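Undergrad: My structure is below; once you've seen it, I'll send some questions.
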Amino acid sequence: MCEPTVEGLKRYPETAGYNVDLASPIPCVCTPACWVRCAGECGCQACSIQFITFCEASGRLSALAPTSQAEEEALYAYRSLVGTEPPTIIRRGRFDGR
Ligand SMILES: [Zn+2]
Ligand SMILES: [Zn+2]
């Protein structure tokens, strides 16, 4: 498993750069060029899962079909969330990176 990037650490500060939403923590490998709310476009699994979790949590299951209109709308909703803190769905877990 690879390490989180510096940007990943900023995106998941409470979990040492990992998305801990699944059983095995996934390192965020985002770069500063990513969207504030990256949905995994850069190849980052952690943020991809985070977006999928957002879709599921908000009942947007049809958004999970790639390049659908529903996906576009879900991406828009995802990115227009207020603030720079990680989504609450991420904050329920804690992981120290070790
Ligand atoms: Zn990421
Ligand atoms: Zn990214």
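All residue numbers for the sequence shown refer to our numbering, where the first residue is -5 and numbers rise by one.
Note that the Cβ used here is the ideal one computed from N, Cα and C, for glycine as well.
Keep in mind that this is a model prediction, so the values were computed, not measured.
Look at Thr9 and Thr25 and say whether their C-beta atoms are less than 9 Å apart.
TA: For Thr9 and Thr25, no; Cβs fall outside 9 Å.
Undergrad: Out of curiosity, what's the CA-to-CA distance linking Leu3 and Pro21?
TA: Leu3 and Pro21: Cα-Cα distance of roughly 9 Å.
Undergrad: Reducing DSSP to helix, strand and coil, say where Pro(-2) ends up.
TA: DSSP places Pro(-2) in coil when its eight states are reduced to three.
Undergrad: Among the residues of its own chain, which have a CB less than 7 Å from the CB of Tyr70, if the five just before and after it don't count?
TA: Counting only Cβ-Cβ distances below 7 Å, and skipping sequence neighbours, we find nothing.
Undergrad: Under a three-way DSSP split, which group does Pro60 fall into?
TA: Reduced to three states, the DSSP call for Pro60 is coil.
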